[in-house]
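Here the structure is laid out as structure tokens; the discussion comes afterwards.
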Amino acid sequence: MLINSQNIHIQPIQTLSNTTGVHTDMLRLDLIHPVISGNKWFKLKYYLSEAIAQQATAIVSFGGAYSNHIVALAYAGRIAAIPTIGFIRGDASTERSPTLQEAADYGMELIFIDRESYRNKLLIKQKHDHPGWYWIPEGGYGKTGAKGAADILKIVDTTNYTHIICATGTGTMMAGLIQGATALQTITGISVLKNHTSLEDEVMALLEDEQVPNAKYQFVHGYDFGGYAKHPELLLDLMRSLWITEKLPTDIVYTAKLVYAAKDLIAKQFFPTGSRLLLIHSGGLQGNRSLPANTLPF
Ligand SMILES: *Cc1c(COP(=O)(O)O)cnc(C)c1O
Numbered sequence: 004m005l006i007n008s009q010n011i012h013i014q015p016i017q018t019l020s021n022t023t024g025v026h027t028d029m030l031r032l033d034l035i036h037p038v039i040s041g042n043k044w045f046k047l048k049y050y051l052s053e054a055i056a057q058q059a060t061a062i063v064s065f066g067g068a069y070s071n072h073i074v075a076l077a078y079a080g081r082i083a084a085i086p087t088i089g090f091i092r093g094d095a096s097t098e099r100s101p102t103l104q105e106a107a108d109y110g111m112e113l114i115f116i117d118r119e120s121y122r123n124k125l126l127i128k129q130k131h132d133h134p135g136w137y138w139i140p141e142g143g144y145g146k147t148g149a150k151g152a153a154d155i156l157k158i159v160d161t162t163n164y165t166h167i168i169c170a171t172g173t174g175t176m177m178a179g180l181i182q183g184a185t186a187l188q189t190i191t192g193i194s195v196l197k198n199h200t201s202l203e204d205e206v207m208a209l210l211e212d213e214q215v216p217n218a219k220y221q222f223v224h225g226y227d228f229g230g231y232a233k234h235p236e237l238l239l240d241l242m243r244s245l246w247i248t249e250k251l252p253t254d255i256v257y258t259a260k261l262v263y264a265a266k267d268l269i270a271k272q273f274f275p276t277g278s279r280l281l282l283i284h285s286g287g288l289q290g291n292r293s294l295p296a297n298t299l300p301f
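For the sequence shown, the working numbering begins at 4 and goes up steadily by one.
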């Protein structure tokens, strides 16, 4: 539905294939669509079909000012001709980011929620719910999202990789990859959030009552660069060089941290010699819109 995955392909990454005997490629999910970029499409697709099947009068979700999820949902709602509503963390006067403006342009109704109240999603839902509304958890977190993410590994043959490495926010994509990979593969999740100690439990919760044998998995913390949207010069430098040498656009929140972590882990011989690594380019460049103009060459 809606989206055609033929642009997705595997790209070798020279920066990450060095003399340590590790080969690294990247799965360019970001090329799937200019707006519904990367993993957000996969996480959304079964939610959308459920909403359509239920003849939902609106699809409702949550997000911050630079949320890839919000803009993807706004666009998807527009093509599916279903109204969308976004509950946005922050207040309207200070937080009209280009991302939110774009979501509004696609027809999403934005409802701003102060930071304190935003923490309690259940209460927001109770207060605002309408019959016919279809709610998607923040970031698409949930088994329905993970089921869609499992389809990521069906697009091209990825069975010859020993490790599939992804950035984790909610961990929904990682859970899907664990479900979609073979039992011989390891899914390595790089956490982009600081002190995200509940990540493992959150991923496990999406895997319970799974019948199929899953891939192995491991969580790596310590590559959050100080927190969600933090972007020290070190990270920006890597992003500039990836653009120049590999023609690879990355974002400050997820994929730049992913590549940085992979590079560092390779240098530290974290992966055994002969490993074949597949990094997931999960898309979503919205975070870069929070940077001053011309910080990045793309
Ligand atoms: C949302 C997002 C992620 C995180 O996905 P989760 O399923 O929440 O872990 C990773 N990369 C990009 C580019 C994203 O937009």
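Glycine included, each C-beta is placed from N, C-alpha and C at the ideal position.
Annotated three-state conformation of P101 is helix, per DSSP.
The beta carbon of I181 sits closer than 8 Å to the beta carbons of I190, V206, L210, N217, A218, Y220 from its chain, once the five residues preceding and following it are set aside; these are given in chain order.
Distance from G66 to H72 at the Cβ level is roughly 5 Å; contact confirmed, criterion being Cβ atoms closer than 8 Å. Across the structure, Y69 and R279 are spaced so that their CA atoms are roughly 33 Å apart. For L209, the uninterrupted alpha helix (DSSP H) segment begins and ends at 202-210. Between G89 and L126, the CB-CB gap reaches or exceeds 8 Å. Within 7 Å of the C-beta of H72 there is at least one heavy atom belonging to ligand 1. Within the DSSP secondary-structure output, Q14 pairs in a beta bridge with M29.
Residue pairing by DSSP puts F65 in a beta bridge opposite F90. Around the beta carbon of S201, fewer than 16 other beta carbons lie within 10 angstroms, which makes this residue exposed.
Pairwise C-beta distances place the region 157-173 out of contact with the region 122-138, as fewer than three of them are shorter than 8 Å. S52 and A84 have their alpha carbons spaced roughly 12 Å apart. Looking at the backbone, the Cα of G192 and that of D227 are separated by about 12 Å. Residue W138 holds the alpha-carbon nearest to the alpha-carbon of Q58 among W138, S20, G225. According to the DSSP assignment, A296 belongs to no beta strand (DSSP E), since it is labelled neither H nor E. For N42, the shortest C-beta to heavy atom distance toward ligand 1 is below 7 Å. In this structure, the C-beta of K46 approaches ligand 1 to less than 7 Å from one of its heavy atoms. For the pair I62 and I39, the CB atoms are not nearer than the 8 Å cut-off.
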